[in-house]
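According to our numbering, the sequence shown is numbered sequentially starting from 572.
Virtual Cβ for every residue (Gly too), placed ideally from N, Cα, C.
These figures come from a predicted structure and were not determined experimentally.
Worksheet: one structure, shown below.
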Amino acid sequence: MEKKSNIMVYAGSALGAVVIAMLIITVMANSSASIAHAMSKIPVIGAIAEIVTFRTYESSENNMEANIKVPEVSVKNEDGTVNEETTQKINKSIQEYTDEIIAQYEADVAAAGGEGHMDVELDYSVITDNEHLFSIRFDQFLIMASGSQMVKIYHINKQTGEMIQLSGLFQNGVDFITPISENIKQQMREQMAADDSVMYFIDGDVPESDFQSINEDTTFYVNENGKLMIVFDEYEAAPGYMGIVEFEIPTEVVQDLVQDGFLK
572 MEKKSNIMVY AGSALGAVVI AMLIITVMAN SSASIAHAMS KIPVIGAIAE
622 IVTFRTYESS ENNMEANIKV PEVSVKNEDG TVNEETTQKI NKSIQEYTDE
672 IIAQYEADVA AAGGEGHMDV ELDYSVITDN EHLFSIRFDQ FLIMASGSQM
722 VKIYHINKQT GEMIQLSGLF QNGVDFITPI SENIKQQMRE QMAADDSVMY
772 FIDGDVPESD FQSINEDTTF YVNENGKLMI VFDEYEAAPG YMGIVEFEIP
822 TEVVQDLVQD GFLK
């Protein structure tokens, strides 16, 4: 009976705390229009992100062609309501990014008078979709006198419903740039020592031209094994023949810096 009484007291206390908390929130929401407006913007934990549709820009002018896929993303809160702010933000960013590629292609076609040789391809894929991250990757291939490749990746933190960059994986105020950069340099040197065909911009005759470090918005993704992958465009960290290069960062390098749940 004593145990049962304690349980009932605890349950009553817990219920009381919940009721009080709800009352406080209700009072706050109704006491000020600005507070209510701010609270309405708080995303529900456990956002759902998905591609709902896409359109394709296609063009063919003699030997100049373009095939550009433009997806539209929807971000929903856990209760099924659309997170308008993030949905609009990511779709606007994608639109601006793809519009820039299309505008450049059309300008090149006009400049060449239809007599040039050019092929532009842009495709996308959902590269990460787990309980913490939704990431959509764009791979651009440009063929003119020579070929080049570029990558752009957008990320949504599904716990907050917000778009994030590399810095969004880590705790506030920590230096994640230095350990990641030093690990990449170590991997570069090890790969070059093991294979003569591998070349990176490091330990060269002109130190200013060497790879120095990543930054807060360096391209990244989290692979299927929960490992952080750092991505460099062609010519960004290595000669063109190396193409796009990626480095898997051992989690122990940043395990004391990363926020819980993002990496394994």
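Is K729 buried or exposed, if buried means 16 or more other CB atoms sit within 10 Å of its CB? Translated into the one-based positions of the sequence shown, residue 729 becomes position 158. It counts as buried.
Are there 16 or more other CB atoms within 10 angstroms of the CB of A637, so buried, or fewer, so exposed? Walking along the sequence shown from the start, residue 637 turns up at place 66. When all chains shown are included, A637 counts as buried.
Among L740, V691 and I639, which has the Cα closest to the Cα of V793? In the sequence shown, the residue the question calls residue 793 occupies position 222. If we check each option's Cα against that of V793, L740 comes out closest.
Between which two residues does the alpha helix (DSSP H) harbouring K663 extend? Start at 1 with the first residue of the sequence shown, and residue 663 comes out as number 92. Secondary structure note for K663: its alpha helix (DSSP H) is the uninterrupted segment E655 to A683.
Near Q711, what residues of its chain come up, given a Cβ to Cβ distance below 8 angstroms and the 5 sequence neighbours on each side ignored? Numbered from its first residue, the sequence shown carries residue 711 at position 140. Same-chain partners within the cutoff: I672, V691, E692, L693, Q720, M721, V722 and K723.
Terminal residues of the continuous alpha helix (DSSP H) containing T749? Here residue 749 refers to the residue found at position 178 of the sequence shown. The continuous alpha helix (DSSP H) containing T749 extends over residues I748 to A765.
Once the 5 residues before and after D746 are set aside, which same chain residues still bring their CB inside 6 angstroms of it? Taking the sequence shown and counting its residues from 1, the one referred to as residue 746 is at position 175. Nothing meets the Cβ criterion.
Cβ-Cβ distance between I622 and E643 below 8 angstroms: In the sequence shown, residue 622 corresponds to position 51, counting from 1. In the sequence shown, residue 643 corresponds to position 72, counting from 1. Yes, Cβ-Cβ distance for I622 and E643 is below 8 angstroms.
First through last residue of the beta strand (DSSP E) which encompasses P642: Position 71 of the sequence shown holds residue 642. Where P642 is concerned, the enclosing beta strand (DSSP E) stretches over M635 to K647.
Starting from K798, trace the beta strand (DSSP E) in both directions and tell me its first and last residue. Within the sequence shown, numbered from 1, the residue matching residue 798 stands at position 227. First-last for K798: undefined, no H or E at that position.
Would G685 count as contacting chain C if we go by Cβ distances under 8 angstroms? Going by chain labels, chain C is absent from the structure shown, which holds only one protein chain.
Taking its Cβ as the centre, do 16 or more other Cβ atoms sit within 10 Å of G811, making it buried, or is it exposed? Translated into positions along the sequence shown, residue 811 becomes position 240. Result: exposed.
Anyone know if the C-beta pair for V641 and N654 falls short of 8 angstroms? In the sequence shown, the residue the question calls residue 641 occupies position 70. In the sequence shown, the residue the question calls residue 654 occupies position 83. Result no, Cβ atoms of V641 and N654 do not sit closer than 8 angstroms.
Tell me which residue opens and which closes the beta strand (DSSP E) that S719 is part of. Translated into the one-based positions of the sequence shown, residue 719 becomes position 148. Unbroken beta strand (DSSP E) run through S719: G718 to N728.
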